[in-house]
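Chemist: Counting from 1 along the sequence shown, just add 304 to a position and that's the residue number in our numbering. C-beta atoms are modelled at their ideal positions from N, C-alpha and C, and glycine is treated no differently. Here the structure is a predicted model, which means the values were calculated and not measured. I have a structure here, written as structure tokens, and I will follow up with some questions on it.
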Amino acid sequence: QTCALPIWNFQFEQQLDSKSSLSVNYVGNHGYNLFMVNPGYNTACDGTRGCTPGFGGLPTTIPDLRFNAVTQLTNSGWSNYNGLTASYTRNLTYGFAFNANYTWSHALDTISNGGLQKYSTIQTSDSLEFQVNPFSVRQLNYGSSDYDFRQVFNANYSWTMPHKFSQGFANALLGGWTVAGTFHTRTGTPYSVIDSTTPNTLNNGASTLVMGTFLGGNIPTCSGPGNPAGGAQFQCLNSSQFAGVGAESNFGNITRNTFRGPGYFDTDMSVYKNFKITERFNFKFGVMFYNILNHPNFSNPDGVLSDGTFGQVTQTVTPASSPYGNFQGAAVSGRVIQTMLKIQF
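Okay, structure coming up:
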């Protein structure tokens, strides 16, 4: 059973004038009894398959010799969220309306979506699915959620041109156009650094992953191309910052989702107008611009230590909005232009 405590929130709202208002809203919640998968319940390290006896506190003999790998399913997970949102709204004035909001929040959990469905499948290290240390959920699993957007800014606007440009046909042609658009920007999503080779040496092959061993120093940030950590473009992490592949003596010293990928920015715009033909017929013509600035957005870097592209950003991500609807990607990350013609009767 999966349970969550009721959400608690506090909101302050102030009318600034007859057309605009400001609100500040705090929201928090705590989830418990969240689904967890522990694939290392019968794991041992006896030194015969390359791992050092005592690895990560594992027993030297298999706990139950009747089985090989044993997967334990429990409701031992939990989550926490705290968020503060400030919103400004400007109601329709001279054909113009505007809304903007900024959110600072922090979402933490032991595993996101119960490990049943990955939030991101672009990189192996984007979304982990299992309990890392078979003896402790808190030690390495409890960290930022896969969808922990620490800072988010959204805005939308709409302006309808007045019918005051000229008279007659010109007025009907030039007046009444509507320009509308959205802005969206956020900080990067978290990701993990994992060593995918070490689990293959553990007895039974039950452990699915081992976190990297960070050697200390400042945790690097990654804001995309042009901000390298190791001197190479698109390089966000360098393997020299971690213990060598297969050199771990435990399940790692950094929690999941310790590092941050590049931020995200997108703006869309549409221009449209209704043309009246008769009392019963009219048609609507418009043009929609998705990612109108043709701004590239990048995925998290490769977080698998043994990969030749470790620490590098190698892919772009598609915008959340497209001609097919929100969160129905157009399979392209660049600008998409769509024209629209509707006949209404």
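1. Determine contact between the region 419-430 and the region 600-619, defined as no fewer than three beta-carbon pairs at a distance below 8 Å.
2. Using C-beta distances below 7 Å, list every residue in its chain close to GLY535, excluding the 5 sequence neighbours before and after it, in chain order.
3. Which residue from ARG454, GLY567, GLY516 puts its Cα closest to that of GLN545?
4. Distance, Cα to Cα, GLY590 vs ILE498?
5. Would you mind giving the Cβ-Cβ distance between THR486 and THR571, rounded to the nearest angstrom? I have them listed as a contact below 8 Å.
6. Less than 7 Å between C-beta atoms, sequence neighbours within five positions excluded: which residues of the same chain meet that for LEU519?
7. Exposed or buried, which one is MET592 when buried takes at least 16 other CB atoms within 10 Å?
8. Sorted by chain position, which residues of the same chain lie with C-beta nearer than 6 Å to ARG584's C-beta, five sequence neighbours on each side aside?
9. Count the other C-beta atoms from every protein chain shown that fall within 10 angstroms of the C-beta of ALA551, then say buried if there are 16 or more, exposed otherwise.
10. Would you mind working out which of PHE587, LEU338, GLY565, THR618 sits nearest TYR446, comparing C-alpha positions?
11. Grouping DSSP H, G and I as helix and E and B as strand, with all else coil, what is GLN539?
12. Jot down the residue ranges of each uninterrupted alpha helix (DSSP H) in the region 565-648, minimum 4 residues, whole runs only, in chain order.
13. Scan the region 313-373 and note each continuous alpha helix (DSSP H) run of 4 residues or more that stays entirely inside, going in chain order.
14. According to the neighbour-count rule (16 or more other Cβ atoms, all chains shown, within 10 Å of its Cβ), is VAL514 buried or exposed?
15. Per DSSP, LEU412 forms a beta bridge with which residues?
Modeler: Working from what's here:
1. Counting Cβ pairs under 8 Å, three or more are found: they touch.
2. Unreliable placement is indicated for GLY535, whose pLDDT of 44 sits below 50; no coordinate value is reported for it.
3. For GLN545, the nearest C-alpha among the options comes from GLY516.
4. Near 48 Å, if we compare the C-alpha coordinates of ILE498 and GLY590.
5. With a Cβ gap of about 7 Å, THR486 and THR571 count as contacting.
6. Within the same chain, LEU519 has close Cβ partners GLN545, PHE546, ALA547.
7. Here MET592 is buried, its C-beta having at least 16 other C-beta atoms within 10 Å.
8. So the list reads PHE649, once near-sequence residues are dropped.
9. ALA551 counts as exposed, since fewer than 16 other beta carbons sit within 10 angstroms of its beta carbon.
10. Of the listed residues, the one whose Cα sits closest to TYR446 is LEU338.
11. Secondary structure at GLN539: strand, using DSSP grouped into helix, strand and coil.
12. Taking only runs of at least 4 residues, no alpha helix (DSSP H) segment lies wholly in the region 565-648.
13. Uninterrupted alpha helix (DSSP H) stretches at least 4 residues long and entirely within the region 313-373 do not occur.
14. So VAL514 ends up on the buried side.
15. DSSP output for LEU412 lists ASN384, SER448 as bridge partner(s).
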